[in-house]
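Take a look at the structure set out below.
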Amino acid sequence: MSKWKNFIRIWIDKQKIKSALDSIKFIEKLIVDNDSVEKDKNKNVEKQQNETNNILNNISNNSKNEKALEQDSLLHKQMQIRDKEKESRINVINNSNNQQKVPKIVQTIHDYGSRIRHLETKVKELTDKTSDQAIN
Numbered sequence: 007m008s009k010w011k012n013f014i015r016i017w018i019d020k021q022k023i024k025s026a027l028d029s030i031k032f033i034e035k036l037i038v039d040n041d042s043v044e045k046d047k048n049k050n051v052e053k054q055q056n057e058t059n060n061i062l063n064n065i066s067n068n069s070k071n072e073k074a075l076e077q078d079s080l081l082h083k084q085m086q087i088r089d090k091e092k093e094s095r096i097n098v099i100n101n102s103n104n105q106q107k108v109p110k111i112v113q114t115i116h117d118y119g120s121r122i123r124h125l126e127t128k129v130k131e132l133t134d135k136t137s138d139q140a141i142n
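Here this note's numbering is used: the first residue of the sequence shown is 7, the next is one more, and so on.
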């Protein structure tokens, strides 16, 4: 009967290790996904800044003979781009606040790692004991 108890304990410990590993993999995937989202947002901000610079260059290069309506439309576009830039900056600030949570997640991963190593050691000890008992 004790062999079955040991077997069940080992099986339960292995299941705990598997679930902890799955949790770690999920958290790592979240971190990678978050990094790619940040890169995409940075690219969008750069694109908007380039568009703003192009519009400003067009405004400065306009000759005096162009109609005032064209300049007004360019100014309107510039204002729209600035509004988009403000929104993107707010999003970047919000995302940086979320990034501050990443060290806590990393610490949790390290904690899980140490727990897993401890459980692996326990499983190995229990396996060794079980095999020794089976031999005797």
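All residues carry an ideal CB built from backbone N, CA and C; glycine is no exception.
- Thr58 and Arg88 have their alpha carbons spaced roughly 8 Å apart.
- The Cβ-Cβ distance between Ala26 and Arg95 does not fall below 9 Å.
- Asn101 places its beta carbon less than 9 Å from that of Val43.
- The beta carbon of Asn12 sits closer than 8 Å to those of Leu132, Lys135, Thr136, Gln139, all from its chain and outside the five residues before and after it, given in chain order.
- Nearest neighbour of Gly119 by Cα position, chosen from Ile14, Glu34, Trp10, turns out to be Glu34.
- Across the structure, Lys128 and Gln21 are spaced so that their CA atoms are roughly 13 Å apart.
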